[in-house]
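Encoded as structure tokens, the structure appears first; notes follow it.
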Amino acid sequence: MTPEDLGDIKWAAGLWEGEGTIVPYHPPKRPHVCEVRMILDMTDKEPIEAWAQMWGGPVRGPYRRLDKTKWADHWRWQTGRWSEAERIGFLIRPFLYARRRKQLDDVLVQFPDRLRGKPPRLTTCPTEVIPSQSGYMRHWNRKEKPCDICQASRRLWMQTYRAKRRSVQADSSS
Ligand SMILES: [Zn+2]
-12 MTPEDLGDIK
-2 WAAGLWEGEG
8 TIVPYHPPKR
18 PHVCEVRMIL
28 DMTDKEPIEA
38 WAQMWGGPVR
48 GPYRRLDKTK
58 WADHWRWQTG
68 RWSEAERIGF
78 LIRPFLYARR
88 RKQLDDVLVQ
98 FPDRLRGKPP
108 RLTTCPTEVI
118 PSQSGYMRHW
128 NRKEKPCDIC
138 QASRRLWMQT
148 YRAKRRSVQA
158 DSSS
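Be aware that the sequence shown starts at -12, since it is given in the working numbering, and climbs by one per residue.
As structure tokens, this is what we get:
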């Protein structure tokens, strides 16, 4: 199963139509931050393994409802990465029915601009100042002083983050 094969994409869209969920997620301690949760949850392991092999990421489970011991075990694939959700969403979107397509669009339109085009995780220091604190944190995790670019990047990230929070507060108080 590959994301390049039209038949496979149609198969994935069909699976998503029946079993998929995508929702915005606001962490309770940072309610102004909009994360994404794209989840496929099933009692059948085989299709979910094929889905995970196609898009990447692990299958987790089995999960069992402790209060519903007669319910079958279920398995779960999940991503919390906007870029992943968008990539998969755009590929399966043409094959979804209207309700599912709207659900997908309503969530993907909330993709935060500050995360757009940003690599999911930096493994080297950025070559220019970008709104990101991951390089800065990586230095500290290695117990070294952050380099100038990583410090400036974190300052820019803080400014972006504070500006967003102010605008959210302004919205909610109006
Ligand atoms: Zn650095």
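We put the beta carbon where it would ideally sit given N, CA and C, even for glycine.
Output the boundary residues of the beta strand (DSSP E) element that contains residue i.
i, result
"residue 10", "7 to 12"
"residue 50", "47 to 50"
"residue 62", "61 to 66"
Here's a check: name, in chain order, each residue in its chain whose Cβ is nearer than 7 Å to the Cβ of residue i, leaving out the five neighbours to either side.
i, result
"residue 4", "83, 84 and 87"
"residue 176", "Because the chain in this structure spans residues -12 to 161, residue 176 falls outside the shown range and cannot be described."
"residue 14", "20 and 22"
"residue 161", "Confidence is the limiting factor: at residue 161 the pLDDT is only 44, short of 50, which leaves the residue's position unreliable, though a coordinate-based value still follows. For residue 161, where only same-chain residues beyond five positions count, there are no Cβ hits under 7 Å."
"residue 1", "none"
"residue 78", "-10 and -4"
Check whether the Cβ atoms of residue i and residue j lie closer than 8 Å to each other.
i, j, result
"residue 25", "residue 56", "no"
"residue 40", "residue -12", "yes"
"residue 94", "residue 9", "yes"
"residue 47", "residue 68", "no"
"residue 38", "residue -10", "no"
"residue 27", "residue 7", "yes"
"residue 30", "residue -1", "no"
Which one of the options has the shortest CA to CA distance from residue i?
i, options, result
"residue 44", "52, 93, 0 and 35", "35"
"residue 70", "60, 99 and 58", "99"
"residue 61", "74, 72 and 33", "33"
"residue -3", "135, 121 and 76", "76"
Where do the ends of the alpha helix (DSSP H) carrying residue i lie?
i, result
"residue 24", "Counting along the chain, residue 24 falls outside any alpha helix (DSSP H), though it belongs to the beta strand (DSSP E) covering 22 to 29."
"residue 97", "Careful: residue 97 lies outside any alpha helix (DSSP H) and carries neither H nor E."
Got a sec? Which residues, its chain only, sit under 8 Å from residue i by beta carbon, not counting five neighbours each side?
i, result
"residue 138", "123"
Please work out which residues of its chain come closer than 6 Å, Cβ to Cβ, to residue i, disregarding the five sequence neighbours upstream and downstream, and give them in chain order.
i, result
"residue 11", "21, 94 and 97"
Problem - ligand 1 site residues, beta-carbon cut 6 Å against heavy atoms - result: Residues with a Cβ closer than 6 Å to any heavy atom of ligand 1, in chain order: 112, 122, 126, 133, 134, 136 and 137.
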